[in-house]
Amino acid sequence: MAVTALAGPAVAAPGDMSVATFLGKYEALKKKGLFAIGSSDIGALRREGEAGGAAYQARIAADKAAGRPPHSCPPAKPAMGQSEFLNGLKRYPPAARDTTTIKMAVADLMKRKYPC
């Protein structure tokens, strides 16, 4: 008798959500207004942004430790507000949004904001 394992859909690591998915979830929450409070998507979007920021900081540290030229030159405590972040994501052409992860987008946005 063969045994088959049941598995749910693969879950991407935080920061690996596409820009298209992120913006879609954000717009859906925005439409719900106050009814969005308590939605698990709020936490999921927050974790995506945080993971993108953490990956960016790790990249900057790795470049520095390896003596490589920096990807970008942020201040000691780089910051990006919600509106700035969302507007940056919306700048991606629709065709690129499915293949651009939040980690990639954060790196791109920070390079644009803090060039060397």
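In this note's numbering, each residue's number is its place in the sequence shown (first place is 1) plus 547.
Every residue, glycine too, gets a C-beta built ideally from N, C-alpha and C.
Open item on the list: In the DSSP output, what is Ser565 paired with across the bridge?
Closed with: Thr648
Open item on the list: With distance defined between alpha-carbon atoms, name the residue in Asp655, Lys611 and Ala613 nearest to Gly599.
Closed with: Asp655
TODO: Have a look at Met627 and Pro640 and give me their C-alpha separation to the nearest angstrom.
DONE: 21 Å
Task: Separation of His618 from Ile607, as counted between CA atoms - done: 7 Å
Open item on the list: Using C-beta distances below 7 Å, list every residue in its chain close to Met657, excluding the 5 sequence neighbours before and after it, in chain order.
Closed with: Tyr603, Ser619, Pro621 and Pro625
Task: Spatial distance of Asp610 from Gly580 (CA atoms) - done: 41 Å
Task: Start and end residues, alpha helix (DSSP H) containing Gly600 - done: Ser587 to Ala613
Task: Assigned secondary structure, Met627 (DSSP; H/G/I helix, E/B strand, else coil) - done: coil
Task: As assigned by DSSP and simplified to three states, the class of Tyr516 - done: In this structure the chain extends from 548 to 663, so residue 516 is not present and cannot be described.
Open item on the list: At the level of alpha carbons, what is the spacing between Arg659 and Ser587?
Closed with: 31 Å
Task: Pair within 9 Å by beta-carbon distance, Lys572 and Ala591 - done: yes
Task: Cβ-based neighbour list, Ala560, same chain, cut-off 8 Å, excluding 5 preceding and 5 following - done: Ala598
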